[in-house]
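Q: Residue numbers (our numbering), protein chains in the order written: chain A, 139 to 415; chain B, 16 to 213.
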């Protein structure tokens with residue numbers, strides 16, 4: 139009877155130890171962070187207004203605000219403010235040289251949190267003197283899973299040297315550019331990234347964080363490229379239609395230039411005159 | 016044809032000078048704040064420099080075509096004199112009635128003025144067909160003005176074309192030509208020595 143009791147205690151201890159190890163090694167999980175442009179611009183269930191035929195009026199050169207749409211407060215896996223500012227700074231550097239852009243101002247997320255909706259955007263625009271705002275919303279899902287080699291974590295030493303965890307981050311960012319006065323969206327550009335990184339058990343948290351940050355960096359870079367393409371398309375579009383009215387403010391300049399159609403007409407006249415001689 | 020060939024070295028020198036001046040556009044272009052702070056030469060030199068190579072090429076080619084096709088009989092001295100006067104008038108007007116314009120460069124405003132002026136004069140002195148030149152200039156600037164009013168932006172590459180300079184140039188060229196004609200008629204002398212038919 140005593141032997142049976144001892145055996146039972148031994149199995150219980152082994153089971154307990156095994157459960158602890160399993161809990162200790164169990165780093166698998168799916169985590170995410172996101173911010174919604176629609177929820178931010180139309181908070182508390184507001185319904186977007188009906189489409190109105192208003193024509194945005196842009197006065198060049200433009201002062202542009204660039205900001206992340208805030209995520210839910212308390213979301214544990216959102217990027218730190220400093221990292222967000224760094225990412226926006228990289229986007230800013232790509233577009234600051236445009237002659238129709240006077241200034242690009244990065245708006246901190248704390249300012250964006252203070253009030254929601256177009257009223258909030260309008261307050262920030264007045265505060266910074268912005269003409270248009272580019273709002274970056276995002277959605278990131280980070281997954282950490284164990285690979286077959288994670289079995290070597292049982293050796294304890296393996297937790298330090300065997301890369302048995304796979305960290306994956308799928309990131310989607312979307313920048314929507316709005317005219318502040320008319321509240322009209324001018325154009326938008328998405329950016330995506332999907333990266334994986336393996337790590338040891340003890341480095342899994344750090345690797346996961348790095349993967350998520352890298353995912354944001356790549357998605358923002360992709361978005362910047364797409365934004366440049368969309369900007370070119372937008373410029374061509376407003377040349378063709380009357381969807382946006384453009385005027386120039388003080389300090390704007392340009393050149394007196396003959397354009398191709400007139401030059402071709404001149405050449406035609408010259409040929410006619412030479413032929414007549 | 017021979018007289019046109021005689022003008023080729025002068026035209027080549029003109030293009031070369033314009034090309035050399037491109038290197039000094041920062042010093043020469045029309046900049047509102049710098050003109051108001053005393054750099055008066057920019058009123059004239061702003062018309063001789065260009066924003067980009069394509070801007071320079073288009074304006075220079077247009078100037079050469081206009082000159083060799085229609086205005087080879089015009090004396091170089093007259094071109095320089097009227098160029099001096101019109102460039103000052105265009106720049107001063109931009110300075111006074113377009114306070115939002117920060118900077119300007121390019122030959123085309125001046126070209127419009129010279130084309131309008133000499134079209135009127137040659138139409139009177141040589142051949143009525145030159146009235147067509149004036150009509151073309153005015154049709155062009157009016158189309159540009161209507162497009163600008165409708166919100167369209169004229170571009171040469173990435174550079175915004177200041178179509179107001181064209182309108183001002185055409186206006187001063189035409190008005191100056193009619194004032195001169197009226198003045199000469201009142202004095203009972205021809206405005207210009209009749210030009211031999213080509």
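Beta carbons: idealized from backbone N, C-alpha and C, even for Gly.
Pull up the distance between the alpha-carbon of residue 197 (chain A) and that of residue 385 (chain A), whole angstroms please.
A: Between residue 197 (chain A) and residue 385 (chain A), the C-alpha separation is close to 5 Å.
Q: Nearest CA to the CA of residue 237 (chain A): which residue from B:114, B:118, B:188 and B:113?
A: The residue with the shortest Cα to Cα distance from residue 237 (chain A) is B:118.
Q: Okay, do the region 332-343 of chain A and the region 287-306 of chain A touch, 3+ Cβ pairs below 8 Å being the bar?
A: Because the criterion of three Cβ pairs below 8 Å is met, the region 332-343 of chain A and the region 287-306 of chain A touch.
Q: Considering only the alpha carbon of each residue, which of A:177, A:351, A:306 and A:206 lies closest to residue 275 (chain A)?
A: Minimum Cα distance to residue 275 (chain A) is reached at A:206.
Q: Please confirm if residue 77 (chain B) has its CB atom under 7 Å from at least one CB of chain A.
A: At least one chain A Cβ lies under 7 Å of residue 77 (chain B).
Q: Residues of the region 293-323 of chain A in Cβ contact with chain B at a cutoff of 9 Å, in chain order, please.
A: Hits within the stretch: zero.
Q: Taking contact to mean 3 or more Cβ pairs, one atom from each stretch, closer than 8 Å, check whether the region 183-198 of chain B and the region 125-141 of chain B are in contact.
A: Because the criterion of three Cβ pairs below 8 Å is met, the region 183-198 of chain B and the region 125-141 of chain B touch.
Q: Going by C-alpha distance, which of A:392, A:346 and A:318 is nearest residue 305 (chain A)?
A: It is A:346 whose Cα lies nearest to the Cα of residue 305 (chain A).
Q: Cβ of residue 391 (chain A) less than 7 Å from any chain B Cβ?
A: Yes, because at least one Cβ of chain B sits closer than 7 Å to the Cβ of residue 391 (chain A).
Q: Give the range of the beta strand (DSSP E) segment to which residue 339 (chain A) is assigned.
A: It is not in any beta strand (DSSP E) - residue 339 (chain A) carries neither H nor E in the DSSP assignment.
Q: Once you ignore the five residues that flank residue 227 (chain A) on each side, which residues in its own chain have a CB closer than 7 Å to its CB?
A: So the qualifying residues of the chain are 244.
Q: Taking the alpha carbon of residue 221 (chain A) as the point to measure from, which residue in A:401, A:378, A:365 and A:354 has its own alpha carbon closest?
A: Of the candidates A:401, A:378, A:365 and A:354, the one whose C-alpha sits nearest the C-alpha of residue 221 (chain A) is A:354.
Q: In the DSSP output, which residue or residues are listed as bridge partners for residue 316 (chain A)?
A: Residue 316 (chain A) pairs with A:271 and A:323.
Q: For the alpha helix (DSSP H) holding residue 243 (chain A), just list the boundary residues, first then last.
A: Taken as a continuous stretch (DSSP letters only), residue 243 (chain A) belongs to no alpha helix (DSSP H), being part of the beta strand (DSSP E) at 239-244.
Q: Here's a check: name, in chain order, each residue in its chain whose Cβ is nearer than 8 Å to the Cβ of residue 223 (chain A), leaving out the five neighbours to either side.
A: 244 and 246, listed in sequence order.
Q: Do we get a CB-CB distance below 7 Å when we pair residue 36 (chain B) with the residues of chain A?
A: Chain A, which has no Cβ nearer than 7 Å to the Cβ of residue 36 (chain B), makes this no.
Q: My output table needs one value for residue 65 (chain B): the three-state DSSP class, helix, strand or coil.
A: Coil, per DSSP.
Q: Got a sec? Which residues, its chain only, sit under 7 Å from residue 107 (chain B) by beta carbon, not counting five neighbours each side?
A: Answer for residue 107 (chain B): 58, listed in chain order.
Q: Does any CB atom of chain B fall closer than 7 Å to the CB of residue 396 (chain A)?
A: Closer than 7 Å to some Cβ of chain B, the Cβ of residue 396 (chain A) qualifies, so yes.
Q: Does the contact criterion of 3 or more C-beta pairs under 8 Å hold for the region 25-32 of chain B versus the region 96-103 of chain B?
A: Segments in contact, no.
Q: Would a C-beta distance cut-off of 7 Å place residue 309 (chain A) and residue 283 (chain A) closer than the cut-off?
A: Not a contact, by the Cβ cut-off of 7 Å.
Q: Does the ligand FMN have a heavy atom nearer than 6 Å to the CB of residue 313 (chain A)?
A: The ligand content of the structure shown is nil, which means the ligand FMN is not present either.
Q: Run through DSSP, which three-state label would residue 198 (chain A) get?
A: Strand, per DSSP.
Q: Output, in chain order, the set of chain B residues within a Cβ distance shorter than 7 Å of residue 402 (chain A).
A: Near residue 402 (chain A) there are no residues of chain B at all, since even the closest Cβ is about 10 Å away, more than 7 Å.
Q: Can you tell me which of the three DSSP states residue 328 (chain A) falls into?
A: Strand at residue 328 (chain A).
Q: Between which residues of its own chain and residue 212 (chain B) is the CB-CB distance below 8 Å, once the five residues before and five after are set aside?
A: Low local confidence applies: a pLDDT of 37 at residue 212 (chain B) is under 50, so the model's placement there is unreliable, with the coordinate-based value given in what follows. 141 and 142.
Q: Going by DSSP, which residues form a beta bridge with residue 384 (chain A)?
A: Per DSSP, A:196.
Q: Can we say the region 77-97 of chain B touches the region 356-373 of chain A, given the rule of at least three CB pairs closer than 8 Å?
A: Contact between the region 77-97 of chain B and the region 356-373 of chain A is absent, because fewer than three Cβ pairs lie under 8 Å.
Q: To which residues does DSSP link residue 46 (chain B) through a beta bridge?
A: Bridge partners of residue 46 (chain B): B:118.
Q: Could you tell me which chain B residues have their CB closer than 9 Å to the CB of residue 371 (chain A), listed as they occur along the chain?
A: Result: empty, since nearest Cβ-Cβ is about 15 Å, beyond 9 Å.
Q: Tell me the residue span of the alpha helix (DSSP H) that contains residue 59 (chain B).
A: Looking at the DSSP string, the run of the alpha helix (DSSP H) that includes residue 59 (chain B) is 57-60.
Q: Could you name the residues of the region 175-192 of chain A whose beta carbon sits closer than 8 Å to any beta carbon of chain B, in the order they occur along the chain?
A: The residues in question: there are none.
Q: Counting only C-beta atoms, is residue 197 (chain A) closer than 7 Å to chain B at any point?
A: No, no contact with chain B.
Q: Quick one: does residue 128 (chain B) have its CB under 7 Å from some CB of chain A?
A: No, residue 128 (chain B) lies away from the interface with chain A (no Cβ there is under 7 Å from its Cβ).
Q: Between B:181, B:77 and B:136, which lies nearest to residue 199 (chain B) when the distance is taken from Cα to Cα?
A: It is B:136 whose Cα lies nearest to the Cα of residue 199 (chain B).
Q: Quick one: does residue 408 (chain A) have its CB under 7 Å from some CB of chain B?
A: At least one chain B Cβ lies under 7 Å of residue 408 (chain A).
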